[in-house]
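This report concerns only the one structure given below.
There are 2 protein chains.
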Amino acid sequence: MSFLGGYQGKILRVDLTSKSFREEELSPELARKFVGGAGFGIKRMFDEVDPLADALSPENKLVFAPGPLTGTDAPCASRMSVTAKSPLTGTVAVCMTGGYFPAELKFAGYDILIIEGKAEQPVYLMIDKGRVSIRPAKQLWGTTTTDCEFLLKEQLGDQNFRIACIGPAGERLVRMACIVNERRTAGRKGLGAVMGAKNLKAIAVRGHLKVPVADPAVFAAAKKFFFGKMKESPALYPEFSQHGTPMVVDVACGMGIFPAKNWTATGEFEPVDTLGTAANAARKIGKEHCYTCPVACSQLKLTDPASPYAGAMSVPEYETLYSLGGQAGVANLDSVVAADRLCDELGIDTISAGVAIGFAMELYERGVIGKQETGGLELRFGNHQAMVEMIKNIGFRRGLGELLGEGVKRAAERIGQGAEQYAMHVKGLELPGYDVRGAKAHGLNFATSYNGADHNKGYAYQEIFGIPAPRAVDRFAAEGKGWLTKWNQDIRCVTCDCVTMCAFLMDMAVPDAALENAAGMLRGVTGMDFTPEEVWRVGERIQNVARVFNIRAGFTAADDTLPRRLMTEPIKAGSSKGHMVPPEELQLMLAEYYQERGWTPQGVPTPEKLLSLDLGEALPYV
Amino acid sequence: MSFLGGYQGKILRVDLTSKSFREEELSPELARKFVGGAGFGIKRMFDEVDPLADALSPENKLVFAPGPLTGTDAPCASRMSVTAKSPLTGTVAVCMTGGYFPAELKFAGYDILIIEGKAEQPVYLMIDKGRVSIRPAKQLWGTTTTDCEFLLKEQLGDQNFRIACIGPAGERLVRMACIVNERRTAGRKGLGAVMGAKNLKAIAVRGHLKVPVADPAVFAAAKKFFFGKMKESPALYPEFSQHGTPMVVDVACGMGIFPAKNWTATGEFEPVDTLGTAANAARKIGKEHCYTCPVACSQLKLTDPASPYAGAMSVPEYETLYSLGGQAGVANLDSVVAADRLCDELGIDTISAGVAIGFAMELYERGVIGKQETGGLELRFGNHQAMVEMIKNIGFRRGLGELLGEGVKRAAERIGQGAEQYAMHVKGLELPGYDVRGAKAHGLNFATSYNGADHNKGYAYQEIFGIPAPRAVDRFAAEGKGWLTKWNQDIRCVTCDCVTMCAFLMDMAVPDAALENAAGMLRGVTGMDFTPEEVWRVGERIQNVARVFNIRAGFTAADDTLPRRLMTEPIKAGSSKGHMVPPEELQLMLAEYYQERGWTPQGVPTPEKLLSLDLGEALPYV
């Protein structure tokens with residue numbers, strides 16, 4: 107069996123310890139069972155990395171994998187997974203990123219890029235039309251991400267290289283460091299620190315190949331179907347295309363689930379006027395898109411020239427408006443734009459940074475820490491100057507920033523004095539911007555995602571946008587969330603993280619036809635006869651492989667939980683006032699979820715389930 | 107007569123008012139008489155622009171012109187002039203810039219690009235392999251220069267465009283705004299404000315043509331000669347290549363001519379240890395070069411991660427180490443690097459900005475202005491945070507920054523209270539970093555340059571580096587400076603600003619053979635039989651055209667002067683202690699200079715001189 111389309115058929119494996127690399131064949135069986143992207147990444151981790159390894163040791167690996175559609179002219183499919191064991195959570199971790207780098211990696215001939223070992227000195231990796239080399243990065247080390255990109259393109263003498271790199275945070279092994287490619291990031295779970303631990307500053311890639319399409323007629327029909335759905339979508343044009351994710355500020359505030367001031371003021375602090383759609387529109391100067399994307403949801407914002415942050419430009423997404431806005435009690439969009447840009451330049455995840463700073467603000471206001479700990483900063487909710495200073499301290503590992511950069515879980519452990527009750531995380535990953543007390547499918551997803559509290563790995567758009575597909579949902583009810591969460595996790599995993607189509611588009615264009623759409627695209631591009639059911643099974647398969655990896659890493663059902671605050675303190679105001687997720691509700695949801703998954707009541711996949719998913723390799727571990 | 111080599115033979119004339127453009131033939135006579143670069147620019151200004159026009163009106167023009175060597179493989183010749191009437195000085199003004207843009211403009215087929223009129227709305231100009239278009243710049247307006255470049259390349263869908271643009275300062279018509287192309291600038295005299303006044307945010311250019319060479323054998327011999335001289339140069343390798351212009355901090359301090367604290371503390375404040383060669387070497391992460399340059403003198407500096415300016419990267423040249431360092435009383439290299447980068451991002455000339463801030467610091471320390479004027483800033487010498495804030499205020503025209511951005515001459519006039527005695531400028535252009543009280547050829551050059559106090563238009567390297575070519579010099583003596591200054595101005599004008607070879611290389615590699623070198627290169631590339639004498643005559647011709655333009659603009663010999671402080675206050679300490687330029691010395695030097703130039707004692711070119719230079723067109727004005 108060989109590939110007819112969608113794949114280049116090759117894996118590039120780079121060993122930084124020995125400064126060597128080799129090409130391997132991509133197995134068609136792997137492609138059939140795991141499709142691409144996160145599927146490839148998680149499977150490689152499962153097969154190759156000891157789940158008990160130190161995430162910042164040379165034993166960890168970093169796997170970059172686009173999907174079969176990436177680099178074709180399929181809309182909204184230029185995405186790529188980055189996978190490693192997370193230094194923040196200890197779980198297997200997948201980040202998705204877009205832009206142009208993913209397609210360029212395919213053009214360079216590779217379906218998977220595996221980085222192993224650790225270079226003795228800082229290096230960068232160059233992949234250029236069949237040539238691969240590992241080169242000294244002395245002239246790049248220490249630079250911010252856009253400077254790194256600028257310098258590397260100049261050094262390479264070709265501006266058309268696409269670059270993924272880390273900033274000062276990744277170099278310093280900050281556990282919330284991200285990987286930046288242009289204005290996109292593989293943002294969460296500290297994968298930038300994994301790259302830094304390997305002394306790998308950047309990857310530059312330039313390709314010249316095309317991505318073959320197996321059956322152009324079937325592929326054309328699949329694209330036509332998708333384009334038709336996009337045009338019909340009530341949310342996509344013009345709203346989402348024009349305003350992007352900041353629209354969600356209005357929605358979340360309306361629902362009373364916009365988390366504020368370290369989740370103490372949800373429903374009370376609702377800065378729609380200053381951080382919502384209209385405020386963002388007033389700062390918009392343009393938009394950007396990923397390769398082949400007709401939507402271009404990235405909304406470029408420029409600060410007010412009268413602001414102390416004049417001149418700063420960035421694309422603050424909803425999550426950043428939450429984390430560096432509401433969570434920190436900051437209602438000033440210019441501050442958020444500047445802080446967002448700073449995070450991108452230093453290579454820091456905006457969600458984890460904002461949650462960690464909000465956590466520290468609560469500790470400061472409660473007197474648990476003082477100016478001695480903050481280096482003199484008045485670290486109160488709403489102090490955006492202090493927030494910006496603290497971001498720098500996180501990125502450069504200075505003072506309290508060093509502690510906060512370890513994530514709120516480790517920071518709370520080291521601070522003691524009950525600080526852990528204010529640490530908003532699941533499995534060490536800081537919470538995204540949906541107060542699950544008023545959106546319980548989100549809560550179950552946060553509790554069970556293999557990544558820790560990751561909204562992207564099973565996003566319950568049904569709760570937020572009222573979309574009744576595949577089922578209508580009552581956001582306050584615990585019942586029925588097991589099935590829905592499994593569905594959201596499985597389907598998003600395969601359609602978005604493996605195929606790889608943009609999550610925003612899946613939710614807004616084909617919530618009723620995600621599997622049919624993905625199956626059609628896959629049939630067209632690969633020539634393999636994927637059915638919708640088989641596509642779903644791929645998603646479920648990957649969820650189970652990830653679960654078994656985490657079990658081997660020491661995780662149990664006890665880790666499928668939520669911060670105590672959300673189980674004991676009801677929301678105080680707004681549209682979700684009075685709601686919380688009492689422990690018994692969480693247990694009910696978990697039990698339902700495990701049952702739907704075919705796992706034991708202790709959350710362990712049964713041998714039967716694994717065999718039914720053709721996962722014999724996982725049997726020894728359950 | 108047609109061109110055999112060196113020229114593409116075409117001028118691109120763009121009228122922003124009518125949004126139209128046309129190509130014109132470059133006249134071989136123009137090329138013979140004015141060679142290229144500044145020669146073309148000044149001649150176009152002389153012929154086309156009313157010297158009494160408002161520099162910020164649509165009547166002014168902006169002329170970009172590379173030289174005949176630009177785009178060939180001649181070393182160190184990828185330079186370009188930018189010419190306009192200056193909004194800072196009111197004179198005709200030439201800036202030279204390097205990098206890659208100049209060669210790309212030649213590859214695109216043009217020897218001269220003339221920008222006329224004013225667009226109604228912000229636009230950018232795209233020149234792409236024979237296609238020219240004027241496009242809306244709404245999505246770029248307001249951005250900093252590197253963001254503008256990043257966004258424009260993305261919009262154009264080709265990273266290989268080369269871009270010149272203005273920042274927020276140019277948009278706001280700040281009279282010390284510059285034009286930035288990559289990490290190079292057409293820095294002085296406010297040409298960025300001229301671009302801003304035309305509503306032109308950026309020029310993107312991509313070419314596909316080669317620059318023809320008329321006589322490859324002669325050209326090869328000329329290059330061999332130059333390379334030989336470069337290798338023999340005692341200063342070039344490894345010192346200058348390794349350390350670049352920051353070396354001059356050590357030299358200038360050693361000579362006691364490093365101006366400090368608005369020229370009140372020359373010889374007293376000599377921060378060699380913190381701003382000199384060794385300090386710069388400690389912050390160096392790499393280097394950059396212009397197209398075809400084997401020297402790569404640009405030294406990339408990265409701030410200390412422990413500094414409040416952690417993460418900032420720039421290439422602070424000597425002049426910036428003076429202006430944002432010594433002049434402001436700032437001895438901290440990290441501050442200078444960060445302030446330098448900020449100037450580049452906002453599109454502000456570092457020399458004028460630093461001199462203006464140092465001027466304001468003196469006023470503040472003397473109590474002429476207070477916190478009410480500074481917006482609460484403690485604007486004392488050495489306060490680098492205040493300096494950085496004031497740079498932002500200049501760039502965004504806020505508070506005192508609006509006044510300082512007008513230049514020290516206008517600022518002093520508006521402030522009154524004797525402030526003009528602290529305003530260090532000639533003809534409105536802020537002084538570069540050589541205290542002329544201990545380097546009198548520099549003084550005469552500052553006093554007489556057609557640009558105002560511009561070190562680059564007749565740099566007396568003989569005084570600074572002790573090079574005895576063409577003549578040895580006593581830096582403290584007034585006598586003999588007339589001849590030397592004329593020689594320096596003429597020769598640098600033609601070899602550097604027209605041919606266009608890098609000034610650094612001229613001084614260090616061929617101080618004894620600058621004309622022979624240029625003539626050989628010109629013969630090889632153009633096929634025209636240039637002699638060294640004729641090359642010199644081109645330089646002298648251009649100096650005279652510029653002088654007549656300025657006379658028409660209202661300048662007289664009374665404007666050929668120096669700030670009163672330098673004529674009345676001796677240097678208080680250091681190697682030049684006790685020296686100054688008393689008025690009678692300046693008059694002696696000026697008389698000698700006018701005589702050497704064949705000008706009247708009132709500094710007006712005689713008809714005989716103009717006719718001997720074949721400048722009949724200038725006769726009506728003298």
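From first to last, the protein sequence lines stand for chains A and B. Residue numbers 107 to 728, in our numbering, belong to the letters of the first sequence in order. Residue numbers 107 to 728, in our numbering, belong to the letters of the second sequence in order. In this text, a Cβ means the ideal position worked out from N, Cα and C, and glycines have one as well.
message = Is B:ARG389 near the ligand GTP - that is, is its Cβ less than 8 Å away from at least one heavy atom of it?
response = Of ligands this structure carries none, so the ligand GTP is not represented either.
Of the listed residues A:THR178, A:ARG150 and A:ASP450, nearest to A:MET607 (C-alpha basis) = To locate residue 607 of chain A, count along the first sequence from 1; it is residue 501. Nearest option by C-alpha distance: A:THR178.
query = What three-state label does DSSP hand B:ILE363 in the structure shown?
reply = As a position in the second sequence, residue 363 of chain B is number 257, starting the count at 1. The three-state secondary structure of B:ILE363, taken from DSSP, is coil.
key: Helix, strand or coil at A:ILE573 according to DSSP, with G and I counted as helix   = Mapped onto the first sequence, residue 573 of chain A falls at position 467. DSSP places A:ILE573 outside both helix and strand once states are collapsed to three, so it counts as coil.
key: Beta-carbon proximity list for A:HIS349, same chain, < 8 Å, skipping 5 on both sides   = Looking up residue 349 of chain A in the first sequence gives position 243. Same-chain partners within the cutoff: THR383, ASN386, ALA387 and GLN405.
query = Would you say B:LEU716 and B:GLY549 are within 9 Å of each other, going by their C-beta atoms?
reply = Here residue 716 of chain B corresponds to residue number 610 of the second sequence, with the count starting at 1. Here residue 549 of chain B corresponds to residue number 443 of the second sequence, with the count starting at 1. For B:LEU716 and B:GLY549, no; Cβs fall outside 9 Å.
message = Counting only Cβ pairs nearer than 7 Å, list the residues of chain B close to A:PHE502.
response = Looking up residue 502 of chain A in the first sequence gives position 396. Those within 7 Å of A:PHE502 in chain B are PRO411 and ALA416.
query = How would you list, in chain order, the residues of chain A whose beta-carbon sits under 7 Å from the beta-carbon of B:LEU408?
reply = Within the second sequence, residue 408 of chain B is the residue found at index 302, counting from 1. Here the neighbours are GLY248 and THR249.
task = Please check if any C-beta of chain B sits within less than 9 Å of the C-beta of A:LYS54.
result = With chain A represented from 107 up to 728, any question about residue 54 of chain A goes unanswered, as that position is not in the structure.
ask   = From the DSSP output, which residues share a beta bridge with B:HIS685?
value = Residue mapping note: residue 685 of chain B aligns to position 579 of the second sequence, counting from 1. None, per the DSSP bridge assignment.
N-terminal and C-terminal residue of the alpha helix (DSSP H) that A:CYS254 is part of = Along the first sequence, read from residue 1 onward, the residue named residue 254 of chain A stands at position 148. Run containing A:CYS254: 251 to 262, per the alpha helix (DSSP H) assignment.
request  = Measure how close the beta-carbons of B:LYS307 and B:PRO228 come, nearest whole angstrom, since I'm counting them as under 8 Å.
outcome  = By one-based count along the second sequence, residue 307 of chain B stands at place 201. By one-based count along the second sequence, residue 228 of chain B stands at place 122. Sure, about 5 Å apart at Cβ, within 8 Å.
query = What residues match up with A:GLN405 in a beta bridge as DSSP calls it?
reply = Taking the first residue of the first sequence as position 1, residue 405 of chain A is located at position 299. The partner list for A:GLN405 (beta bridge, DSSP) reads A:LYS393.
task = Return helix, strand or coil for B:ALA292, following the three-state DSSP convention.
result = Mapped onto the second sequence, residue 292 of chain B falls at position 186. Here B:ALA292 sits in strand by DSSP.
task = Let me know if B:THR723 comes out buried or exposed under the rule of 16 or more other beta-carbons within 10 Å of its beta-carbon.
result = As a first step, residue 723 of chain B must be located in the second sequence, where it is residue number 617. One detail in the question is off: residue 723 of chain B reads as Glu in this sequence, not Thr. B:GLU723 comes out exposed.
key: Beta-carbon neighbours of A:LYS498, restricted to chain B and to distances below 9 Å   = What you label residue 498 of chain A is simply residue 392 of the first sequence in a count that begins at 1. In chain order: PRO414, ALA416 and GLY417.
ask   = Who are the neighbours of A:ASP253 on chain B, taking C-beta pairs under 7 Å?
value = As a first step, residue 253 of chain A is located in the first sequence; it is residue number 147 there, counting from the start. Going along chain B in sequence order, the residues near A:ASP253 (Cβ under 7 Å) are MET419.
query = Quick one: does A:GLU260 have its CB under 9 Å from some CB of chain B?
reply = For this step, residue 260 of chain A is matched to residue 154 along the first sequence. A:GLU260 counts as touching chain B.
query = Excluding five sequence neighbours on each side, which residues of the same chain lie with their C-beta closer than 6 Å to the C-beta of B:SER458?
reply = As a first step, residue 458 of chain B is located in the second sequence; it is residue number 352 there, counting from the start. Excluding residues within five positions, the ones whose Cβ falls inside 6 Å are MET282 and GLU536.
query = What residues are listed by DSSP as bridge partners for A:TYR470?
reply = Sequence index remark: in the first sequence, residue 470 of chain A carries index 364 (1-based). Listed as beta-bridge partners of A:TYR470 by DSSP are no residues whatsoever.
query = How about B:LEU483 and B:GLU468: do their beta carbons lie closer than 9 Å?
reply = Along the second sequence, read from residue 1 onward, the residue named residue 483 of chain B stands at position 377. Along the second sequence, read from residue 1 onward, the residue named residue 468 of chain B stands at position 362. For B:LEU483 and B:GLU468, no; Cβs fall outside 9 Å.
query = Who are the Cβ neighbours of B:CYS359 in its own chain at under 6 Å, not counting the five residues just before and after it?
reply = For the purposes of this step, residue 359 of chain B is taken as the residue at position 253 of the second sequence. Closer than 6 Å at Cβ, skipping near neighbours: GLU376 and VAL378.
Opposing strand residues paired with A:ALA190 [DSSP bridges] = The residue given as residue 190 of chain A occupies position 84 in the first sequence. DSSP output for A:ALA190 lists A:ALA199 as bridge partner(s).
request  = Using a Cβ-Cβ cut-off of less than 9 Å, list which residues of the region 270 to 286 of chain B approach chain A; keep chain order.
outcome  = Against chain A - using a Cβ distance shorter than 9 Å - the residues of the region 270 to 286 of chain B are GLY273, PRO274 and ARG278.
key: Which of helix, strand or coil DSSP assigns to B:ARG241   = Start at 1 with the first residue of the second sequence, and residue 241 of chain B comes out as number 135. B:ARG241: strand per DSSP, three-state reduction.
message = Given a cut-off of 9 Å on the beta-carbon distance, is the pair A:PHE170 and A:VAL317 in contact?
response = Reading the first sequence from its first residue, position 64 is the one you call residue 170 of chain A. Reading the first sequence from its first residue, position 211 is the one you call residue 317 of chain A. No, these two residues do not count as a Cβ contact at 9 Å.
ask   = Would you call A:THR123 buried or exposed, if buried means 16 or more other Cβ atoms sit within 10 Å of its Cβ?
value = Here residue 123 of chain A refers to the residue found at position 17 of the first sequence. Under this definition A:THR123 is an exposed residue.
ask   = Cα separation between B:TYR700 and A:LYS393?
value = Counted from its first residue, the second sequence places residue 700 of chain B at position 594. Counted from its first residue, the first sequence places residue 393 of chain A at position 287. When rounded, the distance between both Cα atoms is 58 Å.
ask   = Name the chain B residues whose beta carbon is nearer than 7 Å to that of A:ASN266?
value = Working through the first sequence from its first residue, we reach residue 266 of chain A at position 160. Correct list: GLN265 and ASN266.
ask   = Are the beta-carbon atoms of B:PHE552 and B:GLY544 separated by less than 9 Å?
value = Here residue 552 of chain B refers to the residue found at position 446 when the second sequence is read from its first residue. Here residue 544 of chain B refers to the residue found at position 438 when the second sequence is read from its first residue. Result no, Cβ atoms of B:PHE552 and B:GLY544 do not sit closer than 9 Å.
ask   = Are any of the Cβ atoms in chain B nearer than 9 Å to that of A:PHE213?
value = The sequence position of residue 213 of chain A within the first sequence is 107, counting from 1. So, not an interface residue.
inquiry  = Do A:LEU258 and A:ALA199 count as a contact pair if the criterion is CB distance below 9 Å?
reply    = As a first step, residue 199 of chain A is located in the first sequence; it is residue number 93 there, counting from the start. As a first step, residue 258 of chain A is located in the first sequence; it is residue number 152 there, counting from the start. No. Outside cutoff.
message = Measuring straight from C-alpha to C-alpha, what distance separates A:LYS683 and A:PHE582?
response = Start at 1 with the first residue of the first sequence, and residue 683 of chain A comes out as number 577. Start at 1 with the first residue of the first sequence, and residue 582 of chain A comes out as number 476. Answer to the nearest angstrom: the Cα atoms are 11 Å apart.
message = Please confirm whether B:ASP245 has its beta-carbon closer than 9 Å to some beta-carbon of chain A.
response = In the second sequence, counting from the first residue as 1, residue 245 of chain B sits at position 139. In the sequence as displayed, the identity of residue 245 of chain B is Gln instead of Asp. Yes, because at least one Cβ of chain A sits closer than 9 Å to the Cβ of B:GLN245.
request  = Taking all protein chains shown into account, decide if A:PRO157 is buried (16 or more other Cβ within 10 angstroms of its Cβ) or exposed.
outcome  = Here residue 157 of chain A corresponds to residue number 51 of the first sequence, with the count starting at 1. Buried, since its Cβ has 16 or more Cβ neighbours within 10 Å.
inquiry  = Across the region 413 to 424 of chain A and the region 236 to 244 of chain A, are there enough close Cβ pairs to call them in contact, namely three or more that are closer than 8 Å?
reply    = no
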